[in-house]
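These notes are about the structure you will find just below.
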Amino acid sequence: EQLSMNRPQIQFRELDEQLWSLPNDINLNRLKRPKFSMGYRHMMQWFAVLLWPYLAGEGYTHVMRMDDDSYIHTEIQYDLFDFMRRTGKK
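Put into structure tokens, the structure is as follows:
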């Protein structure tokens, strides 16, 4: 709550448990010695598959995702999302 106190455009959502549970068709035997942690697998499933229909359901048409190692080195002089809409980018 404190993070968004002075930023009314920031919103937080509590996600349904189904978004963080294992798929029914997963082979549990393959998880006995996983190469990647379950947390990492959930994160990858979220960003690769589940995020996009969730955001579409929230009414978003465009999304800009940045990691903690992403940088914008110069000021962007135009609205990126308006540019994407005008040029038919997705």
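Heads up: the sequence shown at position 29 corresponds to 1128 in this note's numbering, and the numbers run straight through without jumps.
Positions of the beta carbon are idealized from the N, C-alpha and C atoms, including for glycine.
Where Pro1152 is concerned, the enclosing alpha helix (DSSP H) starts and stops at 1150–1156.
Residue state for Asn1126 is assigned as coil, using DSSP reduced to three classes. Take the alpha-carbon of Phe1135 and the one of His1141: they are about 10 Å apart. In this structure, Phe1146 sits away from Met1163, with a CB-CB distance that is not shorter than 9 Å.
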